[in-house]
């Protein structure tokens, strides 16, 4: 595995988006992963519609009755991949733009699908496997505990203690080997995380969290997706 | 698991706590919480519909400055401070900006990604 890897340098990551005051992080994590997978499948980076997921995805977890993807009230990336697989794919961002509310009706137009899911799977709780999957398959949908993200401004976040209760969906786009941690007097390796709170948050919309011990649960729920090439416009 | 984490961390890395002072802007009347709140409102274009709301948000902001300082001491390799969420309580922040259904586990029948070689 390379010591440093970043899908942003390889054109697989769209611009940072902003979910606004809506708990739709799960939809941004889902579209981010599929945007990357679609780039690997087609060579083109196309920004995909979160609003389609917010309005149309009500996929439920068969093991947890009543637990369904629910717009601004929350959802889960794996359920959203399942929806995308069943629906046939996602539309372009411009064709179904984000509004930041879930009060609209579903306006999904099957003829405008630009990216489709071939399959998706969960990655084992092993940092080497997570790194290998991000290099081979593209950006990964991950869940994290966001308690330190409310006050994060920059640098490599490496809290001494952090809950592993997952409450936020984000996108893992790469990793680095040398984020200097003065207090520990050594270089820390870290994951590069794309967030959906706009470019004014964190490091131009990105978060760096250190690798090594499942900090804030970042290794606990990792999903990879593969895209199929579509021919419709 | 929190205790386990800190024990693990302490075992693997000798921690050195920074003890130099002088960074406490809140004690400086010129750079106190009011000043930071004004900067915050200007930077993020915040306005409040009533004086009561403004006062309440200022109280929350002050608590978040203290919280940012706590986060800074728990997470010294990152920088913590004022963000666009500094006028929200942790509960409001969770309710409004976090949306992962927390009770869910990964389905037991989910496809597992094949193990990839990492040694070459």
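Residue numbers (my numbering), protein chains in the order written: chain A, 8 to 240; chain B, 992 to 1111. Heads up, the beta-carbon is just placed ideally off N, CA and C, and yes, glycines get one too. Remember, it's a predicted structure, so these values are computed and weren't measured experimentally.
C-alpha of residue 203/A to C-alpha of residue 26/A: approximately 6 Å in a straight line. In this structure, residue 234/A places its C-beta atom within 8 Å of the C-beta atom of residue 123/A. Nearest neighbour of residue 32/A by Cα position, chosen from 57/A, 68/A, 48/A, 17/A, turns out to be 57/A. Not flagged as an interface residue toward chain B: residue 63/A, since no C-beta distance is shorter than 8 Å. With fewer than 16 other CB atoms across the displayed protein chains lying within 10 angstroms of its CB, residue 1103/B is exposed. If one requires a minimum length of 4 residues, the alpha helix (DSSP H) runs lying completely within the segment 43 to 90 of chain A are 57 to 63, in chain order. If only complete runs of 3 or more residues are kept, the segment 156 to 206 of chain A shows the beta strand (DSSP E) at 159 to 164, 175 to 188, 193 to 201, in order along the chain. Neighbours of residue 155/A across chain B, judged by C-beta separation under 7 Å: 1062, 1066. Within 10 angstroms of the beta-carbon of residue 1041/B lie fewer than 16 other beta-carbons, which makes it exposed.
Using a Cβ-Cβ cut-off of 7 Å, residue 200/A is close to nothing in chain B; its nearest Cβ partner there is about 12 Å away. Here the segment 34 to 41 of chain A makes no contact with the segment 206 to 213 of chain A; the two share fewer than three CB pairs at distances below 8 Å. For the segment 117 to 143 of chain A, the set of residues with a beta-carbon nearer than 8 Å to any beta-carbon of chain B comprises 126, 127, 128, 129, 130, 131, 135, 136, 138, 139, 140, 143, in chain order.
Under a criterion of Cβ atoms nearer than 7 Å, the residues of chain A adjacent to residue 1084/B are, in order, 157.
Approximately 25 Å separates the beta-carbon atoms of residue 131/A and residue 154/A; this is outside 8 Å, ruling out the contact.
Assigned with DSSP and collapsed to three states, residue 99/A falls in strand. Residue 1103/B belongs to the set of residues whose beta carbon lies under 8 Å from a beta carbon in chain A. With respect to chain A, the C-beta atom of residue 1089/B has a partner C-beta closer than 8 Å. Shortest Cα-Cα distance from residue 196/A to any of 226/A, 218/A, 180/A involves 218/A.
The three-state reading of DSSP puts residue 217/A in strand, counting E and B together.
The C-beta separation of residue 1079/B from residue 139/A comes to about 38 Å, leaving the pair out of contact by the 8 Å criterion.
Secondary-structure assignment with DSSP links residue 20/A through no beta bridge to anything. Boundaries of the beta strand (DSSP E) around residue 127/A: 120 to 130.
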